[in-house]
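First residue of the sequence shown? That's 6 in the working numbering, and the numbers climb one at a time after it.
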Amino acid sequence: MRRLFLLLALCVPLPALAQIGLYGTFSASNFRVANTGWNYGSTFGIYDNHWTVPFFALGIDGRGAVVGSGSTKFDSGLVGPRLVFKPHVLPIMPYVEALGGVGHAEFGEGAAQTSTTKFAYNFVGGIDYTFFPRLDWRVVDFSYGGLSAFDGSFNPRTLSTGIVFRLP
Numbered sequence: 006m007r008r009l010f011l012l013l014a015l016c017v018p019l020p021a022l023a024q025i026g027l028y029g030t031f032s033a034s035n036f037r038v039a040n041t042g043w044n045y046g047s048t049f050g051i052y053d054n055h056w057t058v059p060f061f062a063l064g065i066d067g068r069g070a071v072v073g074s075g076s077t078k079f080d081s082g083l084v085g086p087r088l089v090f091k092p093h094v095l096p097i098m099p100y101v102e103a104l105g106g107v108g109h110a111e112f113g114e115g116a117a118q119t120s121t122t123k124f125a126y127n128f129v130g131g132i133d134y135t136f137f138p139r140l141d142w143r144v145v146d147f148s149y150g151g152l153s154a155f156d157g158s159f160n161p162r163t164l165s166t167g168i169v170f171r172l173p
């Protein structure tokens, strides 16, 4: 009987606990465009893990990113589904996301400067580590994205780390 209770306690999530999270991260992006290196900025957003079952949560994430400076920039606003694995016995939450929205890219200088605003997408994977109730460290957030411009040759890869605050 005790084993059954322990199994249920580990497997059954408490759906009302901290399903919405606000986050902010430091981001480093490699745009993979000639004559540009790593660019730095921030990513911020909100997610809602709306549907939960044992070990998994499905929700939606909306994020904005502001990366780069000077004549080399990439800004985006994206939204899409989010799937989270919640082991309940470990303080980690791996997640994957597929996001779409609008992106704006600028790079180059003078007559060679390029600036465009088009459809953007990101495939995201990462791990959050709970170190205090309602407070997580976003250990790593890796995204591979694209902008529907430049003949499909603009595919930034971004690494981020930061803080997540889960609302009650």
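We put the CB at the ideal spot given by N, CA and C, even for glycine.
Item, Value
"Measuring straight from C-alpha to C-alpha, what distance separates T41 and G73?", "10 Å"
"Tell me whether A103 sits in a helix, a strand or coil according to DSSP, three-state version.", "strand"
"Using C-beta distances below 6 Å, list every residue in its chain close to H55, excluding the 5 sequence neighbours before and after it, in chain order.", "G64"
"Among K123, A70, Q24 and P59, whose alpha-carbon lies nearest the alpha-carbon of L164?", "A70"
"Is the CB-CB distance between N127 and L152 below 8 Å?", "no"
"Among the candidates A62, A154, V144 and K78, whose CA atom is the shortest distance from the CA of I168?", "V144"
"Taking the beta carbon of L12 as the centre, do at least 16 other beta carbons fall within 10 Å, making it buried, or is it exposed?", "For L12, the predicted model reports a pLDDT of 48, less than 50, meaning its position is unreliable and no value from the coordinates is stated."
"Just how far apart, CA to CA, sit I25 and G150?", "24 Å"
"What does a CB cutoff of less than 8 Å around F124 pick up in its chain, not counting 5 residues either side in sequence?", "G105, G106, V107, G108, L152 and S153"
"On a Cα-Cα basis, can you pick out the residue from S34, F49 and V94 that is closest to G82?", "F49"
"Going by alpha carbons, who is nearest to T166 out of K78, Y134 and F159?", "Y134"
"Could you check which residue in G130, L172 and F60 has the C-alpha nearest to that of P96?", "F60"
"Among the residues of its own chain, which have a CB less than 6 Å from the CB of F36, if the five just before and after it don't count?", "P161"
"If F79 and S34 are in contact, beta carbons under 8 Å, what's the gap, nearest whole angstrom?", "7 Å"
"According to the neighbour-count rule (16 or more other Cβ atoms, all chains shown, within 10 Å of its Cβ), is E114 buried or exposed?", "exposed"
"Based on DSSP bridge pairs, tell me the residues matched to L152.", "A125"
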